[in-house]
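Peer 1:
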Amino acid sequence: MKPPRRFSPLARWGAGVGLVVAAWGVIAVTPDDHFADHVFVEHAHLDTAVDGRDIRITLLDFEKAQSVQDAHGWHADGTWVVATFEAEALTNEKESNLQRIELHIGDRTYTPSDRPDERTTPLGHLAVGIPATMTAAFEIDADDAAEHATLEIAYDKIGRVLDSEIDYDADLAKLRAVPSAKIADRKWSE
Amino acid sequence: MRSGDAATDDAAKPALEQKRAPAPKWVRSAAKALPATWVTTGALVLFLGVTALFGGLAAAPPVKHHIAQLAPGKALDTGQLEVTVRRAVLIDELPGSGTVPDDGERVLVVTATMKNLTDAPVQSGVFADEQITVDGLPAQRVNGRDEVASVARVDDATLSPDIQPGLAVDVAFTWPVPADLLHADDTIDVHLSKLTWFEPKFLSDEAPFWTTPTIKAADMRLAIDDVGAGADQEAAG
């Protein structure tokens, strides 16, 4: 019987090293575990509509306030960052729930205030072609009042799978500060 | 490494055996004189001896479940929140607190300040029942329903408020209690527990989070202030 064919040591070492390099290559191009969490970020500017996959946001106002008040007589002092914006869905109303509205300052994540009793919280269903005006009032730690902040608006809070996210960056130190900001009731635009 | 030359393979085996140097004489005589069990036993005794030398065989210190006895107004750091329980109040009813007493019931109120020590909002209503408990409350209400604690902001009665990072919020925990269960100047034993920081590790890319089970963290005895119908109540209505 013919002895099995042997490769030269050089060929065997070459193949071994080649496989290691190939394995490294596979690892290098494999998306990380959080791949599906990545979002397509669209940067917003004041008074300019910005479109995502199925979302259109027009940031109308972004201000700092020492006090906020709603349309029903409630008011609260504190350190507030108030974002007023129009939001509408573009193509599909089925999953157009505005679930993720966050203000990121450093490592901290703030969500819109649920005071008083969620009357002002700007969550809800967006309609196609009918912009809704809403206000997100963030009550923040006074220590964060001069930091850089990023407002993030997107649909899905949990899944956030490869969807659009509307971002707005602001330096809170340079932000216009008003003594009192109004949280208007959420309404559909005329 | 073996030679890659196929022609030498068959001859290699005996050649290798012959090449092996014979063990020194003292090794062979030692191996004969010393049974293998002695070697393993000796190694074990040596290992244990060295371990004992460094205190490895000493009794393990008891696991400390330190439960602090807190005075009212003293803060408890749970890692997630700084909780400062202030006082206990008995009142006929407290609209906006989330607890609506039935006939024959009153409302037990425990006020506290909760400060969020983390970088994300804390939903005060989730796990509220596990994080603060009062001894001696019936499991069932007068109307047969389960006893449920509510938590609300003192200033504007927001139910189960979110506590934003770095912020402190005055809240009122409330329970419906049978009207004759507690009286002025009675004391109640309040137990505070903290949540567990759960970090998924194995095959999981989930972010860590605070969850149950809770760990008992502090006990507290509060005297009850009976404010009757509560005309001068402090909590929001």
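These protein sequences, in sequence, are chains D and W. To convert, count from 1 in the first sequence and add 998; that's the numbering used here. To convert, count from 1 in the second sequence and add 1078; that's the numbering used here. The beta-carbon is built from N, C-alpha and C at its ideal position, and this holds for glycine as well.
1. So residue 1183 of chain W packs on residue 1257 of chain W, CB below 8 angstroms; how close in whole Å?
2. Could you give the DSSP three-state label for residue 1076 of chain D: helix, strand or coil?
3. Say whether chain W places a C-beta atom closer than 9 angstroms to the C-beta of residue 1072 of chain D.
4. Run through DSSP, which three-state label would residue 1106 of chain W get?
5. Tell me the rounded alpha-carbon separation between residue 1191 of chain W and residue 1025 of chain D.
6. For residue 1138 of chain D, which residues in chain W fall below 9 angstroms Cβ to Cβ?
7. Rounded to whole angstroms, what is the Cα-Cα separation between residue 1308 of chain W and residue 1080 of chain D?
8. Just to make sure I have the definition right: I need the residues of chain W whose C-beta is within less than 8 angstroms of the C-beta of residue 1108 of chain D. Which are they?
9. Could you tell me the boundaries of the alpha helix (DSSP H) in which residue 1010 of chain D lies?
10. Between which two residues does the alpha helix (DSSP H) containing residue 1209 of chain W stretch?
11. From the DSSP secondary-structure annotation, give me the bridge partner or partners of residue 1299 of chain W.
12. Thinking just about the alpha-carbon of each residue, which of D:1060, D:1125, D:1185, D:1138 is nearest to the one in residue 1054 of chain D?
13. Along the alpha helix (DSSP H) that carries residue 1044 of chain D, what are the first and last residues, could you check?
14. Which term fits residue 1315 of chain W, buried or exposed, when burial requires 16 or more other beta carbons within 10 angstroms of its beta carbon?
15. Are the CB atoms of residue 1270 of chain W and residue 1117 of chain W nearer to each other than 9 angstroms?
16. Quick one: using the 10 Å Cβ neighbour count with 16 as the cut-off for buried, is residue 1313 of chain W buried or exposed?
17. Is it the case that the Cβ atoms of residue 1160 of chain W and residue 1250 of chain W are separated by a distance below 9 angstroms?
18. Looking only at its chain, what residues have a beta carbon closer than 6 angstroms to the beta carbon of residue 1176 of chain D, apart from the 5 residues adjacent to it on each side?
19. For the 8 angstroms Cβ check, are there 3 or more pairs between the region 1104–1117 of chain D and the region 1234–1241 of chain W?
Peer 2: Taking the geometry as given:
1. For the purposes of this step, residue 1183 of chain W is taken as residue 105 along the second sequence, with counting starting at 1. For the purposes of this step, residue 1257 of chain W is taken as residue 179 along the second sequence, with counting starting at 1. Correct: roughly 6 angstroms between the Cβ atoms.
2. As a first step, residue 1076 of chain D must be located in the first sequence, where it is residue number 78. If DSSP states are grouped into helix, strand and coil, residue 1076 of chain D belongs with the strands.
3. Here the question's residue 1072 of chain D lines up with position 74 in the first sequence. Judged by the 9 angstroms Cβ criterion, residue 1072 of chain D is in contact with chain W.
4. In the second sequence, residue 1106 of chain W corresponds to position 28, counting from 1. Correct three-state label for residue 1106 of chain W: helix.
5. As a working note, residue 1191 of chain W is residue 113 in the second sequence. As a working note, residue 1025 of chain D is residue 27 in the first sequence. So the two alpha carbons sit approximately 49 angstroms from each other.
6. On the first sequence, residue 1138 of chain D is found 140 positions in, with the first residue counted as 1. Under the 9 angstroms cutoff, chain W gives 1242, 1243, 1244, 1245.
7. Walking along the second sequence from the start, residue 1308 of chain W turns up at place 230. Walking along the first sequence from the start, residue 1080 of chain D turns up at place 82. Taking the straight line joining both Cα atoms gives about 36 angstroms.
8. Residue numbering aside, residue 1108 of chain D sits at position 110 when the first sequence is read from its first letter. Within chain W, the residues near residue 1108 of chain D are 1199, 1242, 1243.
9. Here residue 1010 of chain D is taken as the residue at index 12 of the first sequence, counted from 1. Counting along the chain, the alpha helix (DSSP H) containing residue 1010 of chain D begins and ends at 1007–1027.
10. Position 131 of the second sequence, counted from the start, is the residue given in the question as residue 1209 of chain W. Element bounds for residue 1209 of chain W: 1206–1209.
11. As a first step, residue 1299 of chain W is located in the second sequence; it is residue number 221 there, counting from the start. W:1267, per the DSSP bridge assignment.
12. As a first step, residue 1054 of chain D must be located in the first sequence, where it is residue number 56. Nearest of D:1060, D:1125, D:1185, D:1138 to residue 1054 of chain D, Cα basis: D:1125.
13. Taking the first sequence and counting its residues from 1, the one referred to as residue 1044 of chain D is at position 46. First-last for residue 1044 of chain D: undefined, no H or E at that position.
14. The sequence position of residue 1315 of chain W within the second sequence is 237, counting from 1. With a pLDDT of 39 at residue 1315 of chain W, under the threshold of 50, the modelled position of that residue is not reliable, and the figure given next carries that caveat. With fewer than 16 other Cβ atoms within 10 Å, it is exposed.
15. Taking the second sequence and counting its residues from 1, one reaches residue 1270 of chain W at position 192. Taking the second sequence and counting its residues from 1, one reaches residue 1117 of chain W at position 39. Against a cut-off of 9 angstroms, the Cβ pair of residue 1117 of chain W and residue 1270 of chain W comes out as no contact.
16. Reading the second sequence from its first residue, position 235 is the one you call residue 1313 of chain W. Low confidence applies here, because residue 1313 of chain W scores a pLDDT of 46, under 50, leaving its location unreliable; read the following figure in that light. Residue 1313 of chain W should be labelled buried.
17. Here residue 1160 of chain W refers to the residue found at position 82 of the second sequence. Here residue 1250 of chain W refers to the residue found at position 172 of the second sequence. No; because the gap between Cβ atoms is not below 9 angstroms, this pair is not in contact.
18. By 1-based counting over the first sequence, the position of residue 1176 of chain D is 178. Same-chain partners within the cutoff: 1061, 1063.
19. yes
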